[in-house]
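Novice: I have a structure I would like to understand better, so I am pasting it below and will then ask my questions one at a time.
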Ligand code: ZN
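In the numbering used here, the protein residues as written are 161 to 352.
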């Protein structure tokens, strides 16, 4: 069993997820943006709303709430950093290794690590869904910021368009796009 002092060390490390603002929003000058933990929490709730008997929903929820855990050490590396996909994956893998070591390589730590690796590979049906939710949660948030902060976050919609795979999530994306189009046409017609 992992020593309580190491559990605490781990918990203090992942507190970084609660205080680290997501890079994409900072780059777009969104005031008071959400943290990495905020993003993962709503993905976990989204996973609970997904009704697909073909997948292990509990594993989807678990994967959603740990998929960005390595960012507690590696930080939120955005595409704008210029870092290659491979270098980013390498850095995050090292961070995950440190977290597992912190938890003394326990069975529980290995479970987290295996969910993380499964997400990174993105090949199982559960990982495909979590990848979808990762992008969907981001554009839901982007639309919320567009409404609240009058921000131009078109690039988030452009970079995810056509990339969703799960039919239910595609239907959610379609609804979001309808609402967003309505919002922008209302805004345009309101302009003098
Ligand atoms: Zn994420």
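By construction, the Cβ of each residue, glycine as well, lies at the ideal position given by its N, Cα and C atoms.
Sorry if obvious, but does the Cβ on residue 294 come closer than 6 Å to a heavy atom of the ligand NAP?
Specialist: Although the ligand NAP was asked about, the structure shown includes only the ligand ZN as ligands.
Novice: Any idea what DSSP makes of residue 274, helix, strand or coil?
Specialist: Helix.
Novice: I believe residue 201 touches residue 182 by the beta-carbon criterion, under 8 Å. Please report the beta-carbon distance rounded to the nearest angstrom.
Specialist: So it is not a contact: roughly 13 Å between Cβ atoms.
Novice: If you drop the 5 nearest sequence neighbours on each side, which residues of the same chain put their C-beta closer than 7 Å to that of residue 212?
Specialist: Counting only Cβ-Cβ distances below 7 Å, and skipping sequence neighbours, we find 328.
Novice: Taking only heavy atoms of the ligand ZN into account, decide whether any of them is closer than 6 Å to the Cβ of residue 281.
Specialist: Checking every heavy atom of the ligand ZN against the Cβ of residue 281, none is found closer than 6 Å.
Novice: For residue 181, which of helix, strand or coil comes out of DSSP?
Specialist: Strand at residue 181.
Novice: Please list the terminal residues of the continuous alpha helix (DSSP H) segment that includes residue 317.
Specialist: Its alpha helix (DSSP H) spans residues 314-320.
Novice: Just how far apart, CA to CA, sit residue 326 and residue 227?
Specialist: Near 18 Å, if we compare the C-alpha coordinates of residue 227 and residue 326.
Novice: So what does DSSP say about residue 195, is it helix, strand or coil?
Specialist: Here residue 195 sits in strand by DSSP.
Novice: Does the beta-carbon of residue 312, which I'm using as the reference point, lie nearer than 6 Å to any heavy atom of the ligand ZN?
Specialist: Not so, every heavy atom of the ligand ZN lies at least 6 Å from the Cβ.
Novice: Compare the C-alpha of residue 344 against each of 319, 330, 311, 324 and name the closest.
Specialist: Of the listed residues, the one whose Cα sits closest to residue 344 is 311.
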